[in-house]
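K.L.:
Whatever position you read off the sequence shown (first residue = 1), add 2 for the numbering used here.
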Amino acid sequence: MIHHRIGRLVCLAVIACVSGVCADPTVAASYDVAPTVATLQPQALILAEKVLLRQPDRYIGWPDIAVNDAGEMLVVFSGDRDWHVDPWGKVQMVRSQDGGVTWSEAETVIDSPLDDRDPSIAVLPSGVLYVTFNASTAFDNYPEYADYSASLSAAVRDQWRGAKGLHSSDNGTTWGSATDAPTASPHGPTVLDDGRMLVVGGGTGYVYQSTNFGLSWSHIGTVPYNPSTYNNAYSFMSETTAVEGSDGRLIALTRYKDGSDIELRQAESEDGGITWTDPHATGMRGYPAHLLRLDNGWLLASYGLRVPLPGESMGQRASISKDNGRTWLVDEEIVLSNAVPQDAGHLGYPASAQLPDGTIWTVYYQIEKPEHGEHPSLMATHWQLRDTGAPANAVFQDTFEDTSSALGVPNNPQAGSYPGLASIDAESLVLPVGGAVPQAPGTGTKVMKINGKQRNYGILAEPATPGDILTYEFDYYHSAGSATFALLGDQGHETLDGQKTSIWVQVSGAGVQYRDGVDGSSAWVTLAGATVSPDTWQHYELTYTVGESSFDLAVGGLIYQGLNIKSTAAPALIDRLMLAAGGAASSVGYVDNTLALLIRNSVLVGDLDGDGFVGIADLNIVLSNWNQNVSLGDQLSGDPSGDGFVGIEDLNTVLGSWNAGAPPAAAVPEPMSLGITLLPGHRYAARKFSELRMITRLLPSL
């Protein structure tokens, strides 16, 4: 995001886009595939499995992903290939500007005379893109390419062979000349917090750094090699990925294979990459890996499983570390995709990136369907963490989870109760029930059961007031009749036991409905595409900002945004959560894995970068995304107004709070010299471009 480069004005780029200079890439049809994994898992909610690109009769391999400052996803890969090894491989790229809804056609980054493979992509602090790849001559060993091999001169081979790097200062429209990189690594170097780039080499364990963003490199350390403990049939520190933890430690994961032992090995450095621990087993089975530090400071390792145990499937896996790589939640491994049977050498290399909305995209290559033969597609899984840790300003959070449930049964209802979350009123009857198998609650596992008119009220520790964000989620087993869940407050058409219903959702055999009462009609509206299967578990998540006129609802893997609240006036208070079975005595529902989260509104209006002060950095965020469609309410993309579009209302929000808050250390308040009158956005509809020019002239005085 632009806040990483505070003070760097980007008005010229914004004006170019306002003028229509910014070109949209040709859009290709990506499409969802039939789910291969459970939607709800202990650590993850799987939103979609997708094919981003197919190249009929051609081979795609080894992708990597990055998100640029505008929130655009960029995926590089080696495409237009005959198969795993050939001379024709080229580095290609697809991009998505709408959060993964659509993806561009493949554009070629480079096509050298050799086999261009294992590409990586990074967004540097300056916004420049840096792509690395390995130009290989392994095709020399294959008779079908003998004629082409003989045609290559020694000079051409010397010029191109080995690891190379490319820079682009215009978001990949053009690329500079290839420069030497120190080592081939599928997911390339990592950018450290101090601005250095670092990569760990295969075969030697040499660690290299660059202080000029890939123009030159130096050897600064070596991972120690002990042949008695590191017996890898492939090579030492092969296909290594590295990341910096939130505590400053460096963590490196490397591919490993010794017979049936395919556990990833990990080494750590406490001194910036100079000295390293001996590599040690992690419990994560698969290779190679990609490491990512998430927004909450946790680490994500994604890796391909090519050598499954009996009963396992090949595919893509991931694990979380909440302590900077000291331990990994292998017992709650995330299954991102299961692959159809295929050659073990033709899938994997997953890489992950996190979007501003917190969701994660993991890209990989894999055969989509057996009829595609040996040719893998470029694929991805879109998902999110179920447990992200309580935000710093969360004043109420409660959940129940018991991970002692049977492993390998991700939808199994888990033991638990409602400690602190709910106050059970007199007419409720909460019974321990359970099930020997996940599909039939019986006597084996405890969940909550609600019969007939019984209701469960969750009373918040303190009422939620305008600007506070409420998240209410749970797993529900629809057995008979109907069930409702609701937010109760000071506005609403109907009342339930004396409480007005602001948001009311109903689950039944007819589907999922919500009460739309904006026009006073209070009618049930059925959500298109949301189905309810009897005697199965399904995940529901409701998110609402108190005082707004709409809410968001997730049903399984579907997300519905902007649903109208059940009130002619936005509530200024929400003080209860409710679960209830329907009116009939035969209505039965089971509930498990509930989370209620209240986040207090402590955000300073206009403070888009979250530094506690409204100034030039926040203005830059708006200007850099001017006239762009962004995720609703995404402050880091310049949308404090929450309408999904960056324009005059967002500019007015920032300027209306100018100099509010406490300036960051070593900063001074911005001069009050903007001289712009704040007026309603509709009065500026025809003058946006001229206003932007005026702002550009005034900015130097800041």
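Even glycine gets a Cβ: it sits at the ideal position worked out from N, Cα and C.
1. Measure the Cβ-Cβ separation of V590 and A482 and say whether it is below 7 angstroms.
2. Using the C-alpha atoms, what's the distance from T181 back to A36?
3. Closest to G178 by C-alpha separation, out of E109, E270, V130 and A662, would be which residue?
4. In chain order, what residues of the same chain have a beta carbon less than 6 angstroms from the beta carbon of P573, not counting five sequence neighbours either side?
5. Could you tell me the boundaries of the beta strand (DSSP E) in which R517 lies?
6. Within the same chain, show all residues whose beta-carbon is closer than 7 angstroms to that of Q441, passing over the 5 residues directly before and after it, in chain order.
7. On a Cα-Cα basis, can you pick out the residue from I112, Y144 and Y150 that is closest to S170?
8. DSSP three-state label for D620, please.
9. Could you compute how far the alpha carbon of P415 sits from the alpha carbon of S659?
10. For A148, which three-state DSSP category applies?
11. Skipping 5 residues on each side, what residues in its chain have a beta carbon closer than 8 angstroms to that of A662?
12. Based on Cα-Cα distance, which residue from D477, P188 and E496 lies nearest to Y592?
13. With three or more C-beta pairs closer than 8 angstroms as the rule, is the stretch 276-292 touching the stretch 252-260?
14. For the putative contact between L266 and M316, defined by C-beta atoms under 8 angstroms, what is the C-beta separation to the nearest angstrom?
15. Would you mind reading off the limits of the beta strand (DSSP E) that contains N654?
16. On a CA-only basis, which of M199, Y289 and D359 is nearest G216? Give me that one, please.
17. Using the Cα positions of V645 and V557, report the straight-line distance between them to the nearest angstrom.
18. Using CA atoms only, rank isn't needed, just tell me which of L331, L653, D641 and G564 is closest to L621.
19. For D142, which three-state DSSP category applies?
20. Would you check if the distance between the CB atom of Y147 and the CB atom of P191 is smaller than 7 angstroms?
21. Please confirm whether N233 and D260 have their CB atoms less than 7 angstroms apart.
22. Would T139 and R163 be called neighbours here (beta carbons separated by less than 7 angstroms)?
23. Between which residues of its own chain and A382 is the CB-CB distance below 6 angstroms, once the five residues before and five after are set aside?
24. So, using beta-carbon positions, are Q356 and L301 closer together than 7 angstroms?
25. Tell whether a beta-carbon distance below 7 angstroms holds between V293 and A303.
26. What residue does the beta strand (DSSP E) around W363 start on, and which one ends it?
27. Does DSSP classify R56 as helix, strand or coil?
28. Going along the chain, which unbroken runs of the alpha helix (DSSP H) with 4 or more residues stay wholly within the stretch 270-356?
29. Looking at the unbroken alpha helix (DSSP H) that takes in Q161, where does it start and where does it end?
30. If distances are taken between C-alpha atoms only, which option among G101, I601 and F553 comes closest to G360?
31. CB-CB under 7 angstroms to S248, same chain, minus the five flanking residues each way: which ones, in chain order?
32. At the level of alpha carbons, what is the spacing between G511 and V632?
33. Excluding the 5 residues flanking P58 on each side, which residues of the same chain have their C-beta closer than 6 angstroms to its C-beta?
P.N.:
Well, looking at it:
1. In the sequence shown, the residue the question calls residue 590 occupies position 588. In the sequence shown, the residue the question calls residue 482 occupies position 480. Yes, Cβ-Cβ distance for V590 and A482 is below 7 angstroms.
2. For the purposes of this step, residue 36 is taken as the residue at position 34 of the sequence shown. For the purposes of this step, residue 181 is taken as the residue at position 179 of the sequence shown. So the alpha carbons of these two residues sit roughly 42 angstroms apart.
3. Here residue 178 refers to the residue found at position 176 when the sequence shown is read from its first residue. Nearest option by C-alpha distance: V130.
4. Translated into positions along the sequence shown, residue 573 becomes position 571. In chain order, G491, D492, Q493 and S504 place their CB closer than 6 angstroms to the CB of P573, counting only its own chain and leaving out the 5 sequence neighbours on each side.
5. Stepping through the sequence shown from its first residue, residue 517 is reached at position 515. Element bounds for R517: G513 to D518.
6. What you label residue 441 is simply residue 439 of the sequence shown in a count that begins at 1. Because the pLDDT of Q441 is 40, which lies under 50, any placement of that residue in the model is unreliable, and the number read from its coordinates should be weighed accordingly. Same-chain partners within the cutoff: D537 and T538.
7. Here residue 170 corresponds to residue number 168 of the sequence shown, with the count starting at 1. Checked all of I112, Y144 and Y150; the closest Cα to S170 is I112.
8. Position 618 of the sequence shown, counted from the start, is the residue given in the question as residue 620. Here D620 sits in helix by DSSP.
9. Against the sequence shown, residue 415 aligns to sequence position 413. Against the sequence shown, residue 659 aligns to sequence position 657. Here P415 scores only 28 on pLDDT, less than 50, and its place in the model should not be relied on; the value that follows carries that caveat. Near 48 angstroms, if we compare the C-alpha coordinates of S659 and P415.
10. For this step, residue 148 is matched to residue 146 along the sequence shown. A148 falls in the helix class under three-state DSSP.
11. Here residue 662 corresponds to residue number 660 of the sequence shown, with the count starting at 1. These residues qualify, in order along the chain: L606, V607, G608, D609, F615 and V616.
12. Residue 592 sits at position 590 when you count from the first residue of the sequence shown. Taking only the C-alpha atoms, the option nearest Y592 is D477.
13. Three or more Cβ pairs drawn from the stretch 252-260 and the stretch 276-292 lie within less than 8 angstroms of each other, which places the two stretches in contact.
14. The residue given as residue 266 occupies position 264 in the sequence shown. The residue given as residue 316 occupies position 314 in the sequence shown. Actually they are not in contact, since the Cβ atoms of L266 and M316 sit about 16 angstroms apart, beyond 8 angstroms.
15. Here residue 654 is taken as the residue at index 652 of the sequence shown, counted from 1. Per DSSP, N654 belongs to no beta strand (DSSP E); it is in the alpha helix (DSSP H), I650 to G658.
16. For the purposes of this step, residue 216 is taken as residue 214 along the sequence shown, with counting starting at 1. If we check each option's Cα against that of G216, M199 comes out closest.
17. Along the sequence shown, read from residue 1 onward, the residue named residue 645 stands at position 643. Along the sequence shown, read from residue 1 onward, the residue named residue 557 stands at position 555. Sequence inspection shows Asp at residue 645; the Val mentioned does not correspond to that position. Rounded to whole angstroms, the separation of the alpha carbons of V557 and D645 is 23 angstroms.
18. Within the sequence shown, numbered from 1, the residue matching residue 621 stands at position 619. The shortest C-alpha separation from L621 is found at L653.
19. Looking up residue 142 in the sequence shown gives position 140. Three-state result, D142: helix.
20. Your numbering for residue 147 matches position 145 in the sequence shown. Your numbering for residue 191 matches position 189 in the sequence shown. Contact: no.
21. Position 231 of the sequence shown, counted from the first residue, corresponds to residue 233. Position 258 of the sequence shown, counted from the first residue, corresponds to residue 260. Contact flag set, yes.
22. Numbered from 1 along the sequence shown, position 137 holds the residue referred to as residue 139. Numbered from 1 along the sequence shown, position 161 holds the residue referred to as residue 163. The answer is yes: Cβ separation under 7 angstroms.
23. The residue given as residue 382 occupies position 380 in the sequence shown. Counting only Cβ-Cβ distances below 6 angstroms, and skipping sequence neighbours, we find K52, L54, W363 and V365.
24. As a first step, residue 356 is located in the sequence shown; it is residue number 354 there, counting from the start. As a first step, residue 301 is located in the sequence shown; it is residue number 299 there, counting from the start. Cβ atoms of Q356 and L301: not closer than 7 angstroms.
25. On the sequence shown, residue 293 is found 291 positions in, with the first residue counted as 1. On the sequence shown, residue 303 is found 301 positions in, with the first residue counted as 1. In the sequence as displayed, the identity of residue 293 is Leu instead of Val. Taking 7 angstroms as the Cβ cut-off, L293 and A303 qualify as a contacting pair.
26. The count along the sequence shown starts at 1 and reaches residue 363 at position 361. Here the beta strand (DSSP E) through W363 covers I362 to Q368.
27. Translated into positions along the sequence shown, residue 56 becomes position 54. Reduced to three states, the DSSP call for R56 is coil.
28. none
29. As a first step, residue 161 is located in the sequence shown; it is residue number 159 there, counting from the start. Where Q161 is concerned, the enclosing alpha helix (DSSP H) stretches over A156 to W162.
30. Your numbering for residue 360 matches position 358 in the sequence shown. Measuring from the Cα of G360, the nearest candidate turns out to be G101.
31. For this step, residue 248 is matched to residue 246 along the sequence shown. Closer than 7 angstroms at the Cβ level, and outside the excluded window around S248, lie R295, G299 and N326.
32. Stepping through the sequence shown from its first residue, residue 511 is reached at position 509. Stepping through the sequence shown from its first residue, residue 632 is reached at position 630. When rounded, the distance between both Cα atoms is 36 angstroms.
33. By one-based count along the sequence shown, residue 58 stands at place 56. Excluding sequence neighbours, P58 sits near nothing in its chain.
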